[in-house]
């Protein structure tokens, strides 16, 4: 009798999953060949006009690729054709991966998003906030004020910790970050965090969305809790089980170096103080905010796991409820979090725990609410559209053109779906 009940329950779950997938397929927008041809033409024109050497675009719907094209070459110097095994610098597309690792620890009860960062990095308890003060002679000085409340794990994940990158802004705190050598590849994560805690915060915690090194600090907390390096934890818990075999912090084997995608020779400036990283060189800094490299196939497996609600090929990595929490806006009006002048998600989006989250339909579009996404300063971007059971990944290396291309390409992709 118990065996019959177990069989019946299994059949209910199976047919429920099948019907849910069938329902999503029935509701989803579908691509037209004409629309996808315009997407291809756009990318080919960008290459023909010298914007970047090559690219890969993957669109996967209902668990299957509906569009996967390689364009151009990996590197104008070698003229090797772009291919599925090409290695790209992911930069900030590392942040969603690190955020998923942190949420695994949350599910295990080893971490809570409400925890103060000082619970794991005690030096955070003594941090101050840098506030500019102008004297009567118009001289500006930096005064240090105590924290109104502790920096939390949620602050790190949603970029409200007051930890900037330092290469934009022009104010005194940003200059301190720019001069602190935070991008030194020879620092360990522990040494990196020691540099951060010697600096003032740019804002009071929980007050302003300010994009920066917060996810790097989160990576160090993962190390503290797990007792291993960030890469070792990532490989054991996520990368190896998912089959993300080419995702690393640098490419150690010289035989693999021809696989690396490069930008145009004149397009290597990430910021006024940083150039595109040479991923052939070993490094000690395992940057949870921007250090990973990998292939389109690796990131596709990660994206499909997210789209599936935390599972892939029968293995669960996160609960569906956890993915939903991550993909929910955590800086909405009720939080009173302000948005700095460089607010990258854009007016129609909030920010969750590791992703931008679409909260409004952009004017003149029919783009889906609930889409979540992020990109990398090297040009790569991805998006997950639960409404259409779809994800997209664009792999390219072009720091100077990334914002324009992402907007134009996303517009064409959604137009190809009738949105």
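Residue numbers (our numbering): 244 to 662. C-beta atoms are modelled at their ideal positions from N, C-alpha and C, and glycine is treated no differently. Everything numeric in this text was worked out from a predicted model, so none of it was measured.
Going by DSSP, what residue range makes up the beta strand (DSSP E) through residue 298? Your numbering for residue 298 matches position 55 in the chain shown. Boundaries of the beta strand (DSSP E) harbouring residue 298: 297-304, taken from the DSSP string.
Hey, could you find the ends of the beta strand (DSSP E) residue 396 is sitting in? Looking up residue 396 in the chain shown gives position 153. DSSP places residue 396 outside any beta strand (DSSP E); the residue lies instead in the alpha helix (DSSP H), whose first and last residues are 396-401.
Residues in its own chain within less than 7 angstroms of residue 516 by CB, not counting five upstream and five downstream? In the chain shown, residue 516 corresponds to position 273, counting from 1. Answer for residue 516: 410, 421, listed in chain order.
So what does residue 375 bridge to, in DSSP terms? Position 132 of the chain shown, counted from the first residue, corresponds to residue 375. 385, per the DSSP bridge assignment.
Would you identify the three-state DSSP class for residue 410, choosing helix, strand or coil? Counting from one through the chain shown, the residue named residue 410 turns up at place 167. Three-state DSSP puts residue 410 in coil, outside helix and strand.
Residue nearest to residue 350 in terms of C-alpha spacing, selected from 491, 599, 559, 606: Working through the chain shown from its first residue, we reach residue 350 at position 107. Looking at the Cα atoms, 559 is the closest of the given residues.
Bridge partners of residue 517, per DSSP? In the chain shown, the residue the question calls residue 517 occupies position 274. According to DSSP, residue 517 bridges with 514.
Is the segment 617-634 close to the segment 362-374, with three or more CB pairs under 8 angstroms? With a cut-off of 8 angstroms on Cβ pairs, the segment 617-634 is not in contact with the segment 362-374, counting fewer than three such pairs.
What is the C-beta distance between residue 443 and residue 404, in whole angstroms, given that I count them as a contact (C-beta under 8 angstroms)? Position 200 of the chain shown holds residue 443. Position 161 of the chain shown holds residue 404. That belief does not hold up - the Cβ atoms of residue 443 and residue 404 are roughly 12 angstroms apart, past 8 angstroms.
Between which two residues does the beta strand (DSSP E) holding residue 417 run? As a position in the chain shown, residue 417 is number 174, starting the count at 1. Careful: residue 417 lies outside any beta strand (DSSP E), inside the alpha helix (DSSP H) at 415-421.
Scan the segment 577-638 and note each continuous beta strand (DSSP E) run of 3 residues or more that stays entirely inside, going in chain order. The qualifying runs are 592-594, 599-601, 615-618, 624-628.
Which of the three DSSP states, helix, strand or coil, is assigned to residue 392? On the chain shown, residue 392 is found 149 positions in, with the first residue counted as 1. Per DSSP, reduced to three states, the secondary structure at residue 392 is coil, with no helix or strand assignment.
Check this for me: beta carbons of residue 489 and residue 534, under 7 angstroms apart or not? Translated into the one-based positions of the chain shown, residue 489 becomes position 246. Translated into the one-based positions of the chain shown, residue 534 becomes position 291. A distance of 7 angstroms or more separates the beta carbons of residue 489 and residue 534.
Once DSSP output is grouped into helix, strand and coil, what is the label at residue 313? Against the chain shown, residue 313 aligns to sequence position 70. For residue 313, the secondary structure class from DSSP, reduced to helix, strand or coil, is strand.
Since residue 452 sits in a beta bridge, which residues does DSSP pair it with? As a first step, residue 452 must be located in the chain shown, where it is residue number 209. Within the DSSP secondary-structure output, residue 452 pairs in a beta bridge with 582.
Return helix, strand or coil for residue 479, following the three-state DSSP convention. Locating residue 479 in the chain shown gives position 236, counting from the first residue. Collapsing the DSSP output to three states places residue 479 in a helix.
C-beta atoms of residue 591 and residue 605 nearer than 7 angstroms: Translated into the one-based positions of the chain shown, residue 591 becomes position 348. Translated into the one-based positions of the chain shown, residue 605 becomes position 362. Yes; because the gap between Cβ atoms is below 7 angstroms, this pair is in contact.
Rounded to whole angstroms, how far is the Cβ of residue 454 from the Cβ of residue 585, which I believe are closer than 8 angstroms? Locating residue 454 in the chain shown gives position 211, where the first residue counts as 1. Locating residue 585 in the chain shown gives position 342, where the first residue counts as 1. The Cβ separation is near 7 angstroms, so the contact holds.
Cut-off 8 angstroms between Cβ atoms - residues of its own chain near residue 360, not counting five sequence neighbours on either side: Against the chain shown, residue 360 aligns to sequence position 117. Result list for residue 360: 367, 393, 394, 395, 396, 398, 399, 404, 460, 464, in chain order.
Own chain partners of residue 321 with C-beta closer than 7 angstroms, once the 5 adjacent residues on each side are dropped: On the chain shown, residue 321 is found 78 positions in, with the first residue counted as 1. Correct list, in chain order: 501.
Should the segment 423-439 be called in touch with the segment 311-319, which here means at least 3 C-beta pairs below 8 angstroms? The segment 423-439 makes no contact with the segment 311-319, as fewer than three CB pairs between them are under 8 angstroms.
Please state whether the Cβ-Cβ distance between residue 600 and residue 593 is less than 7 angstroms. Your numbering for residue 600 matches position 357 in the chain shown. Your numbering for residue 593 matches position 350 in the chain shown. Against a cut-off of 7 angstroms, the Cβ pair of residue 593 and residue 600 comes out as a contact.
Assuming residue 338 contacts residue 597 (C-beta within less than 8 angstroms), just tell me the rounded distance between them. By 1-based counting over the chain shown, the position of residue 338 is 95. By 1-based counting over the chain shown, the position of residue 597 is 354. Separation of the CB atoms of residue 338 and residue 597 is rounded to 6 angstroms, and the pair is thereby assigned contact status at 8 angstroms.
When DSSP labels each residue in this structure, what does residue 283 get in the three-state scheme? For the purposes of this step, residue 283 is taken as the residue at position 40 of the chain shown. Three-state DSSP puts residue 283 in a helix.
Looking at the strands, I want to know which residues DSSP matches up with residue 536. One-based indexing of the chain shown puts residue 536 at position 293. Answer by DSSP bridge pairing, in chain order: 332, 491.
Out of 565, 543, 324, state which residue places its alpha-carbon closest to the alpha-carbon of residue 308. Counted from its first residue, the chain shown places residue 308 at position 65. Here the closest residue by C-alpha is 543.
Return the CA-CA distance between residue 654 and residue 281, expressed in angstroms with no decimal places. Here residue 654 corresponds to residue number 411 of the chain shown, with the count starting at 1. Here residue 281 corresponds to residue number 38 of the chain shown, with the count starting at 1. Roughly 11 angstroms separates the two Cα atoms.
DSSP state of residue 250, grouped into three classes? Residue mapping note: residue 250 aligns to position 7 of the chain shown, counting from 1. Its pLDDT being 44, under 50, residue 250 is placed unreliably in this model, and the coordinates cannot settle the point.
Going by Cα to Cα distance, which pick from 652, 569, 640, 657 is closest to residue 294? For the purposes of this step, residue 294 is taken as the residue at position 51 of the chain shown. The option with the nearest alpha carbon to residue 294 is 640.
Using a Cβ distance threshold of 8 angstroms, determine whether the segment 468-483 contacts the segment 503-515, with at least three qualifying pairs required. Contact fails: fewer than three Cβ-Cβ distances are below 8 angstroms.
Using the Cβ count rule (16 or more neighbours within 10 Å means buried), how would you classify residue 401? For the purposes of this step, residue 401 is identified with residue 158 of the chain shown, where counting begins at 1. Counting other Cβ atoms within 10 Å of its Cβ, residue 401 reaches 16 or more and is therefore classed as buried.
Nonlocal neighbours in the same chain, by C-beta distance under 6 angstroms from residue 419, ignoring five residues either side: Stepping through the chain shown from its first residue, residue 419 is reached at position 176. Excluding five sequence positions before and after residue 419, the CB atoms of its chain that fall closer than 6 angstroms to its own CB belong to 442, given in chain order.
Suppose you measure from the CA of residue 645 to the CA of residue 423; what does that come to, to the nearest Å? Here residue 645 refers to the residue found at position 402 when the chain shown is read from its first residue. Here residue 423 refers to the residue found at position 180 when the chain shown is read from its first residue. If I take the Cα positions, the gap works out to 27 angstroms.
If we ignore side chains and look at the alpha-carbon of each, how far apart do residue 251 and residue 554 end up? As a first step, residue 251 is located in the chain shown; it is residue number 8 there, counting from the start. As a first step, residue 554 is located in the chain shown; it is residue number 311 there, counting from the start. Its pLDDT being 47, under 50, residue 251 is placed unreliably in this model, and the value from its coordinates should be taken loosely. Going by the C-alpha atoms only, they are around 23 angstroms apart.
According to DSSP, what are the bridge partners of residue 503? Here residue 503 refers to the residue found at position 260 of the chain shown. Partner residues in the beta bridge of residue 503, as assigned by DSSP, are 330.
Locate the alpha helix (DSSP H) running through residue 344, then write down its first and last residues. The residue given as residue 344 occupies position 101 in the chain shown. For residue 344, the uninterrupted alpha helix (DSSP H) segment begins and ends at 337-350.
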